[in-house]
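Residue numbers (my numbering), protein chains in the order written: chain F, 1 to 590; chain S, 591 to 737.
Think of the CB as a built atom: it goes at the ideal place given N, C-alpha and C, for glycine as much as any other residue.
For clarity, every value in this text was computed on a predicted model and none was experimentally measured.
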């Protein structure tokens with residue numbers, strides 16, 4: 001990397017003592033470039049073995065990469081922590097202005113440790129760090145918190161405002177951190193860790209310069225990347241209808257999880273399709289910093305006042321495929337406006353929409369089957385498609401009036417361990433399932449993925465592109481998934497948006513890195529990808545995870561998927577092979 | 591200033607802020623045009639109107655015909671330019687910052703390193719990187735071009 005690149009600066013903040021320091025860590029960035037790689041290394045350094053995810057020792061680590069603010073589409077921030085949902089590796093990625101703001105403030109990573117005794121928010125502007133009293137913000141939702149901090153801090157247009165809602169304050173295991181109102185560190189409960197540290201928000205801003213190895217080459221390659229980002233057919237989906245475009249094709253394919261995956265086709269899919277949202281509700285398009293694609297779709301929901309005629313309010317609510325699946329088809333909700341009403345509340349409280357939907361779906365089925373009664377639900381109905389009841393139940397999860405909602409606040413696996421119904425508690429590695437019942441690729445991908453996310457290795461894509469045409473042996477499928485996941489470690493270390501994975505080929509990446517002063521070949525990149533994957537798995541194993549013993553919810557075999565040979569034996573064989581493959585890689589490194 | 595003097599001047603214009611998606615590609619382009627990666631040399635700013643859900647405002651020199659920034663410059667470092675906008679002579683600038691205060695749209699950006707203003711020269715480079723035609727170069731031909 002270049003000598004004067006501020007990327008090497010890591011800002012360490014101690015919330016207990018209210019002190020901070022900056023350390024140059026060229027070693028980490030030279031080795032892993034940034035993002036996921038650097039964050040994984042820092043997690044090993046900072047997170048004590050077996051620590052309580054909600055204790056003050058659990059660090060919050062944010063990392064960006066060398067291409068951030070240099071090239072388009074490298075605008076994700078990687079967060080790493082020990083997850084309160086899974087008790088293991090926590091990793092989530094957020095766009096918005098977060099990555100560019102951290103980089104422009106002069107940092108490659110931020111590490112937050114300790115816990116405050118009273119609510120605070122952090123304000124980071126270049127080399128200044130302020131610990132601000134957030135007592136008056138405590139109890140407020142995502143929207144209001146953002147509005148108040150916006151008015152109180154400088155750096156408009158150059159800042160990210162990451163914050164939690166009541167779900168984070170109340171330590172819901174899948175509370176999210178929201179940035180720029182509509183982007184999230186969504187998965188695995190970073191919001192609860194913010195809450196446990198009494199950290200309501202973090203605002204970061206800056207406006208610095210970055211060094212490049214050759215200015216002329218820089219401008220030339222930039223133009224090339226920009227043109228591809230704007231014109232390439234691989235970006236079209238995100239550019240047009242957005243990820244919500246997937247609803248109809250997945251439904252036609254028979255892979256859209258519906259009513260807790262009792263079915264994989266939803267008769268009401270067209271009511272919540274990308275086309276319906278675009279035609280009836282799409283009110284604005286937004287982009288992350290330094291991304292001309294602008295995939296963020298915001299719906300305008302116009303509702304009359306309950307008690308007065310000719311008075312209306314208009315709420316702006318973001319939508320994407322995953323929340324539409326989890327709070328839509330998974331709950332039998334077939335009306336776009338019903339989905340938006342629920343989504344709006346979930347956003348204000350600050351919960352991972354994906355986990356919440358899967359949990360409510362499990363609870364609905366458990367109620368149907370009589371595992372829980374009105375005593376547990378507190379008189380709530382929990383009934384497919386009944387949005388008012390779901391809003392009520394989600395609110396109870398936040399306020400936790402009884403043991404049942406306390407259990408739901410800790411995830412579906414935990415709730416099922418108390419009330420039963422584990423075979424239809426749809427979580428992989430403790431993380432609630434993503435919206436793909438496409439076949440073995442999707443489920444194995446989520447089972448072996450280091451963060452149990454569909455984006456770890458894109459297994460759903462293997463189902464739709466390959467397995468639908470030909471069968472793969474378990475070994476071949478696992479090799480395919482692991483190879484993809486190892487490559488994605490490179491992208492997430494450069495914090496390139498996974499939506500741009502079609503553009504950022506290994507060859508292009510080496511050229512872009514050259515501009516940032518990294519002399520790496522495509523072979524080097526593959527090696528670094530493997531090393532980072534190993535680094536994550538070392539942490540997972542240290543904290544007690546093993547691929548060959550991961551719980552498999554039987555429901556995925558009971559409901560037929562488009563790949564009709566999906567069965568338990570295949571999945572178990574594949575997991576055993578994955579286990580060996582991962583251990584072999586770890587051994588080979590020593 | 592007479593009508594004739596304005597003929598054929600080409601100036602950057604914000605054509606439709608409502609179409610801005612806030613990607614800030616223009617800001618990065620402006621810095622690159624000044625030979626820097628990052629944002630410190632950018633003479634254009636994009637920020638939300640109190641939250642992204644309400645859209646964005648694009649802040650850049652509008653090439654006033656009678657620019658307030660030049661009027662308050664005590665050293666004639668800033669002088670009006672034919673066809674609108676200003677010339678900046680860095681050698682004459684003492685970094686007093688009056689220009690920044692005088693520009694009520696906030697289009698006088700500041701270089702903290704040199705302690706001098708940075709103001710758009712209307713080259714149009716940023717417009718090439720606007721994915722939605724929010725920015726564009728416009729010919730100024732008539733008196734009523736000033737809005």
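In the same chain as residue 648 (chain S), and ignoring 5 residues on each side of it, the C-beta atoms closer than 8 Å to its own belong to 604, 607, 610, 616, 634, 635, 636, 724 and 725, in chain order.
With a 10 Å radius around the Cβ and a threshold of 16 neighbouring Cβ atoms, residue 590 (chain F) comes out exposed. Not a single C-beta of chain F is nearer than 8 Å to the C-beta of residue 605 (chain S).
Bridge pairing for residue 94 (chain F): F:77 [DSSP]. At a C-beta separation below 7 Å, residue 686 (chain S) has no neighbours in chain F, since its nearest C-beta there lies roughly 21 Å away.
Three or more Cβ pairs drawn from the segment 167-178 of chain F and the segment 406-426 of chain F lie within less than 8 Å of each other, which places the two stretches in contact. The straight-line gap separating the alpha-carbon atoms of residue 364 (chain F) and residue 375 (chain F) is approximately 14 Å. The criterion of a C-beta distance shorter than 8 Å is satisfied by residue 6 (chain F) and residue 107 (chain F). Under the Cβ criterion (8 Å, minimum of three pairs), the segment 539-549 of chain F does not count as touching the segment 237-249 of chain F. Along the length of the segment 202-267 of chain F, whole alpha helix (DSSP H) runs at least 4 residues long occupy 215-231, 236-239 and 247-253, reported in chain order. Interface flag for residue 287 (chain F) against chain S is set, since a Cβ pair is found closer than 8 Å.
The CB of residue 148 (chain F) never comes closer than 7 Å to any CB in chain S; the least such distance is about 11 Å. Setting aside the 5 residues that flank it on each side, residue 99 (chain F) is surrounded in the same chain by 64, 68, 75, 76, 77 and 495, each with a C-beta closer than 6 Å to its C-beta; the list follows chain order. Interface annotation, residue 504 (chain F): not in contact with chain S, CB-CB separation never under 8 Å. The segment 19-29 of chain F and the segment 48-57 of chain F do not touch, with fewer than three beta-carbon pairs separated by less than 8 Å. Contact check between the segment 54-63 of chain F and the segment 109-127 of chain F: three or more CB pairs, one atom from each, fall below 8 Å, which counts as touching. In the three-state reduction of the DSSP assignment, residue 311 (chain F) falls in the coil class, being assigned neither a helical nor a strand state.
According to the DSSP assignment, residue 611 (chain S) belongs to no beta strand (DSSP E), since it is labelled neither H nor E. By the beta-carbon neighbour count (other beta carbons within 10 angstroms, threshold 16), residue 310 (chain F) is exposed. Using a Cβ-Cβ cut-off of 7 Å, residue 673 (chain S) is close to nothing in chain F; its nearest Cβ partner there is about 28 Å away. Taking a C-beta distance under 8 Å as the contact criterion, residue 421 (chain F) and residue 566 (chain F) do not qualify as a contact pair. Runs of the beta strand (DSSP E) lying entirely within the segment 451-503 of chain F and spanning at least 3 residues: none are present. Assignment of residue 387 (chain F) by DSSP, reduced to helix, strand and coil, places it in the helix class. For residue 601 (chain S), there is no enclosing alpha helix (DSSP H); the enclosing beta strand (DSSP E) covers residues 599-604. Bridge pairing for residue 154 (chain F): absent [DSSP].
Proximity of the segment 192-203 of chain F to the segment 474-486 of chain F falls short of the contact definition, fewer than three beta-carbon pairs being nearer than 8 Å.
Taking the Cα positions, residue 262 (chain F) is about 44 Å away from residue 227 (chain F). Assigned with DSSP and collapsed to three states, residue 632 (chain S) falls in coil, not helix or strand. Think of a sphere of 7 Å around the beta carbon of residue 215 (chain F): the chain S residues whose beta carbon falls inside it are 625, in chain order. Residue pairing for residue 431 (chain F): DSSP places it in a beta bridge opposite F:428. Between residue 156 (chain F) and chain S, the shortest Cβ-Cβ separation is below 8 Å.
For residue 459 (chain F) against residue 550 (chain F), the beta-carbon gap comes to about 14 Å, at or over 8 Å, which does not count as contact.
For residue 354 (chain F), the enclosing alpha helix (DSSP H) covers residues 353-368. For the pair residue 676 (chain S) and residue 219 (chain F), the Cα-to-Cα distance works out to about 27 Å.
Considering only F:507, F:358, F:42 and F:470, the residue with the shortest C-alpha distance to residue 434 (chain F) is F:358. Annotation: residue 516 (chain F) to residue 135 (chain F) spans about 42 Å, alpha carbon to alpha carbon.
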